[in-house]
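What follows is a set of notes on a single structure, which appears directly below.
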Amino acid sequence: MSLIALAAPVSPTVVAFRRILSFFSIQYRFARITYCLESERTDGKLSEFCFVLLSGAKQWSALFPKTRGTGSSLFANSLRKRLRLRFFASGNSGGIAEEISEAEKEPKNFAWPDNKKPRVCILGGGFGGLYTALRLESLEWPDDNKPQIILVDQSERFVFKPMLYELLSGEVDEWEIAPRFLDLLANTSVQFFKDRVKVLHPSDHWGMNVSKASRCGGTVHLESGLQIEYDWLVLALGAEAKLDVVPGAEEFAIPFSTLEDARKVNDKLTTLERKTFGKDVQISVAVVGCGYSGVELAATLAERLRNRGIVKAINVETVICPNAPPANREAALKVLSSRKVELLLGYFVRCIRKLSGLESSDTLTGVDENSTEVASATEKYILELQPAERGMQSQIIEADLVLWTVGTKPPLPKLEPSDAPFIIPLNARGQAETDETLRVKGHPRIFALGDSSALRDSSGRILPATAQVVAFQQADFTGWNLWAAINGRPLLPFRFQNLGEMMTLGRNDAVISPSFIDGLTLEGPVGHTARKIAYLIRLPTDEHRLKVGISWLTKSAIDSVSSLQSTLYKVLSGS
1 MSLIALAAPV SPTVVAFRRI LSFFSIQYRF ARITYCLESE RTDGKLSEFC FVLLSGAKQW
61 SALFPKTRGT GSSLFANSLR KRLRLRFFAS GNSGGIAEEI SEAEKEPKNF AWPDNKKPRV
121 CILGGGFGGL YTALRLESLE WPDDNKPQII LVDQSERFVF KPMLYELLSG EVDEWEIAPR
181 FLDLLANTSV QFFKDRVKVL HPSDHWGMNV SKASRCGGTV HLESGLQIEY DWLVLALGAE
241 AKLDVVPGAE EFAIPFSTLE DARKVNDKLT TLERKTFGKD VQISVAVVGC GYSGVELAAT
301 LAERLRNRGI VKAINVETVI CPNAPPANRE AALKVLSSRK VELLLGYFVR CIRKLSGLES
361 SDTLTGVDEN STEVASATEK YILELQPAER GMQSQIIEAD LVLWTVGTKP PLPKLEPSDA
421 PFIIPLNARG QAETDETLRV KGHPRIFALG DSSALRDSSG RILPATAQVV AFQQADFTGW
481 NLWAAINGRP LLPFRFQNLG EMMTLGRNDA VISPSFIDGL TLEGPVGHTA RKIAYLIRLP
541 TDEHRLKVGI SWLTKSAIDS VSSLQSTLYK VLSGS
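Quick note on the working numbering: the sequence shown kicks off at 1 and runs consecutively.
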């Protein structure tokens with residue numbers, strides 16, 4: 001009886017009940033893996049959940065064959081659409097699974113509020129892009145012809161790059177020089193999208209077969225899948241650090257051009273300062289490049305580290321800041337010398353590699369147990385230097401931190417159709433060739449400025465993409481010429497006017513050489529104050545200028561009171 005009972009067929013009710021339980025079990029597993037992926041978990045359990053899910057899918061197929069209905073195929077299709085497993089290397093594990101939503105990758109057309117008004121798309125939210133948008137907002141537009149403006153940038157914050165150095169010295173707060181785009185554009189009609197440019201489809205080339213009735217200039221495809229059709233386009237994508245020219249630079253060197261770079265450098269310095277606190281160990285920092293950025297960075301770091309570290313600045317040329325006015329260069333040399341910055345001029349970096357455990361460490365000033373423990377707890381790097389001229393010996397230096405300030409590359413988007421000859425003309429550096437009105441050659445509806453533009457001065461040299469050139473002059477001209485083009489007015493040729501040069505050299509120290517007064521150079525605290533006032537005036541909006549101005553005045557007042565108290569204490573203690 002027992003054998004017969006065991007072999008007896010199971011009732012349909014029991015079979016259905018088992019299938020329902022299996023279904024909910026699989027759905028529960030699917031929910032767990034989906035939640036895990038959406039939460040961006042990176043522990044070792046993630047791939048285990050993936051395989052549990054996949055095994056659950058097989059069980060589902062076994063329970064409900066295709067001949068019995070469409071449930072299995074629907075589940076499988078849903079599974080394939082909702083999840084795509086991509087394995088990639090991670091720090092300590094072989095790989096983890098990542099969710100890629102297919103729905104998010106499907107193209108979506110952006111719907112402009114009013115198709116009758118001009119549509120302007122600005123790619124890049126740096127000096128060129130943001131200031132062009134604000135310039136367009138400030139102009140008077142006839143006959144209700146004010147354009148609709150979209151600003152696209154990969155970051156949620158605008159960065160006032162000339163003052164990134166003050167983040168390392170603690171002189172400014174992050175919100176002061178890196179406000180959010182949404183805050184800056186709150187009182188404007190400009191729409192902001194945090195996204196990356198994937199593909200650009202221009203359709204405004206002089207030779208393209210486009211309907212005369214169409215006013216569309218092309219389409220921008222973003223990584224999120226959003227497609228933006230525009231009438232007018234502004235390329236202001238800035239530039240990225242070029243680290244792939246030297247072996248090891250991309251892996252071990254840190255550039256200094258973005259807010260993320262400044263955060264990374266500050267975090268690295270803070271970690272080194274904590275590990276070496278109270279130890280007979282000096283922090284060694286190597287700065288590659290002695291242009292404006294390299295010199296400002298070296299001076300700021302040397303002031304921060306003082307006698308706790310050594311800063312070495314490397315430059316392929318035999319002078320620092322070769323394009324700077326002589327007075328600025330002399331002032332910078334004096335400050336670097338006073339802070340014991342070691343200048344390695346006439347050298348280029350051949351390679352950068354990590355210091356192996358078998359190599360000795362020459363930057364340690366002590367050999368006690370504490371210093372050995374600190375050395376073993378921090379990563380060190382070796383820079384092999386090759387002389388740029390004959391008569392000089394090769395050098396090998398060691399550093400705890402390597403900072404890279406030379407070389408940039410414009411990240412212009414890929415252009416389609418790639419098999420057509422109507423492509424935006426680019427120079428060897430990847431910059432768009434423009435005419436004197438900042439319009440891209442051959443594309444009357446595309447403007448380019450800053451690092452995205454290869455605009456030349458009267459002598460034929462490409463203008464540098466400094467804040468003075470881009471934000472304070474090119475953005476104004478781009479905004480005006482867009483207004484003129486939309487309203488059928490003649491465009492103005494861009495003419496750069498050099499207003500002078502400024503350079504920060506640490507807290508309460510800077511040098512300024514204004515061009516409108518020959519021979520005048522402001523150094524030290526006076527130059528520092530003049531520089532801060534000049535940049536305060538150039539901050540993006542009136543509201544932000546007011547907030548930052550109040551903040552800086554408050555900090556200055558507190559510092560003055562503190563300095564006065566310290567002086568009085570010393571006087572009273574001496575008496």
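The beta-carbon is built from N, C-alpha and C at its ideal position, and this holds for glycine as well. Because the structure is a prediction, the values reported are computed rather than measured.
Which first and last residues belong to the alpha helix (DSSP H) in which residue i is found?
i	result
Ile-537	524-537
Ser-551	542-574
Ser-169	165-169
Phe-256	It is not in any alpha helix (DSSP H) - Phe-256 carries neither H nor E in the DSSP assignment.
Ile-177	174-177
Tell me which residue opens and which closes the beta strand (DSSP E) that residue i is part of.
i	result
His-201	197-202
His-221	218-222
Val-335	Note, Val-335: premise wrong, no beta strand (DSSP E); alpha helix (DSSP H) at 326-338.
Ala-313	309-315
Does the Cβ-Cβ distance between residue i and residue j come in under 8 Å?
i	j	result
Ile-486	Pro-113	no
Ile-150	Ser-189	no
Leu-383	Ile-397	yes
Gly-612	Gly-450	For residue 612 there is no data in the structure shown, the boundaries of the chain being 1 and 575.
Ala-236	Ser-452	yes
Arg-339	Glu-303	yes
Gly-346	Thr-318	yes
Arg-196	Glu-156	no
Leu-385	Leu-344	yes
Ile-283	Asp-400	yes
Glu-501	Asn-328	yes
Ile-423	Val-440	no
Gln-227	Lys-108	yes
Ala-262	Leu-184	no
Arg-489	Asp-204	no
Ala-475	Tyr-131	yes
Val-246	Val-349	yes
Asp-231	Pro-118	yes
Pro-578	Leu-520	Because residue 578 is not part of the residues shown, which for the chain are 1 to 575, the question remains open.
Leu-438	Leu-455	yes
Val-511	Ala-332	yes
Trp-480	Leu-499	no
Asn-266	Leu-168	yes
Phe-494	Phe-477	yes
Leu-123	Val-199	no
Ala-178	Leu-259	yes
Leu-536	Val-526	no
Pro-202	Gly-225	no
Mind checking who residue i pairs with in its DSSP beta bridge?
i	result
Tyr-381	Lys-354 and Ala-399
Thr-153	A small correction: the amino acid at residue 153 is Asp; Thr does not occupy that position in the sequence shown. In the DSSP output, where bridge partners are listed per residue, Asp-153 has Lys-194.
Tyr-230	Gly-218
Leu-235	Leu-123 and Ala-448
Gln-386	Phe-348
Ala-432	Leu-426 and Ser-453
Ala-186	Answer is none; Ala-186 lacks a bridge partner.
Glu-140	Looking at the DSSP assignment, Glu-140 forms no beta bridge with any residue, so it has no partner.
Trp-109	Before going on, a small fix: residue 109 reads as Asn here, not Trp. According to DSSP, Asn-109 bridges with Gln-227.
Glu-342	Lys-312
Lys-409	Glu-240
Gln-148	Arg-119
Val-440	Thr-434
Arg-180	Arg-157
Measure how close the beta-carbons of residue i and residue j come, nearest whole angstrom, since I'm counting them as under 8 Å.
i	j	result
Phe-447	Gln-473	That pair is no contact at about 14 Å.
Phe-252	Thr-405	Between Thr-405 and Phe-252 the Cβ distance is about 15 Å, and since that is not below 8 Å, they are no contact.
Ala-286	Lys-264	Going by Cβ atoms, the distance from Ala-286 to Lys-264 rounds to 16 Å, so no, they are not a contact pair.
Leu-233	Cys-121	5 Å
Phe-158	Phe-181	6 Å
Gly-248	Arg-353	5 Å
Glu-433	Asn-427	6 Å
Using a Cβ-Cβ distance cut-off of 8 Å, determine whether residue i contacts chain C.
i	result
Asp-280	The displayed structure is made up of one protein chain only, and chain C is not part of it.
Restricting to runs no shorter than 3 residues, where is the beta strand (DSSP E) found entirely within the region 259-307?
DSSP runs (the beta strand (DSSP E)) wholly in the region 259-307: 283-288.
Which full runs of the alpha helix (DSSP H) of 4+ residues lie inside the region 462-528, going along the chain?
Within the region 462-528, the complete alpha helix (DSSP H) segments at least 4 residues long are 475-486, listed from N- to C-terminus.
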